[in-house]
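Novice: Once you've had a glance at the structure underneath, I'll fire off some questions.
Residue numbers (the working numbering): 18 to 166.
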């Protein structure tokens, strides 16, 4: 025995409600994701990283000690004076990390160029080392505009 509800099937208003609710369930998350991606792109459009200010000017072996040496050049594009903390990774010919060493370029003004030399602690094997900027950090050395004295 079959039971028929509503005669001709589901009422039109119920179909319309299901279509609207179903559309919202699908479109709202997609619209929210698209809005999030757009806003994040706008917020980070002019974001700069300290590593963009650093280049490896020279990478070689010290002839006396046989240790790897990296000379780093920093041209500051930061909005304020500051100190750069730079970590160099010395790599072998297979691009495998041998060791990491940190150096500083202190109190560099905007637009100024500074240099630092970092030397590996261990005697390098054979071949020529690769010097890669592994990490770069920046800390402002200007007093805060909100500081009171």
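Just so you know, even glycine gets a beta-carbon here, dropped at the ideal spot from N, CA and C.
Bear in mind the structure is a predicted one, so any value in this text is a computation, not a measurement.
(1) Please name the residue, chosen from 128, 113, 115, 79, that lies closest to residue 97 on a Cα-to-Cα basis.
(2) Between which two residues does the beta strand (DSSP E) containing residue 107 stretch?
(3) Straight-line CA distance for residue 117 to residue 37?
(4) Applying the criterion that 16 or more other CB atoms from any shown protein chain within 10 Å of the CB defines a buried residue, is residue 61 buried or exposed?
(5) Taking DSSP as the reference, what is the three-state secondary structure of residue 146?
(6) So residue 92 and residue 103 are supposed to be a Cβ contact under 8 Å. How far apart are they, rounded?
(7) For the segment 142 to 155 against the segment 68 to 79, do three or more pairs of beta-carbon atoms, one drawn from each stretch, fall closer than 8 Å, so that the two count as touching?
(8) Give me the residue from 43, 80, 75 with the minimum Cα distance to residue 134.
(9) Where does residue 49 sit, in a helix, a strand or coil, going by DSSP?
(10) For residue 145 and residue 114, I'd like the C-alpha separation in whole angstroms.
Specialist: On the basis of the coordinates in this document:
(1) Of the listed residues, the one whose Cα sits closest to residue 97 is 128.
(2) Counting along the chain, the unbroken beta strand (DSSP E) around residue 107 starts and ends at 99 to 108.
(3) Roughly 58 Å between the two C-alpha positions.
(4) Annotation note: pLDDT 49 at residue 61 (below 50); position unreliable, no value reported.
(5) Here residue 146 sits in coil by DSSP.
(6) That belief does not hold up - the Cβ atoms of residue 92 and residue 103 are roughly 13 Å apart, past 8 Å.
(7) Yes: at least three Cβ pairs fall under 8 Å.
(8) Selected option, being the one with the closest Cα: 75.
(9) DSSP, read as helix, strand or coil, puts residue 49 in helix.
(10) Going from the Cα of residue 145 to the Cα of residue 114 covers about 13 Å.
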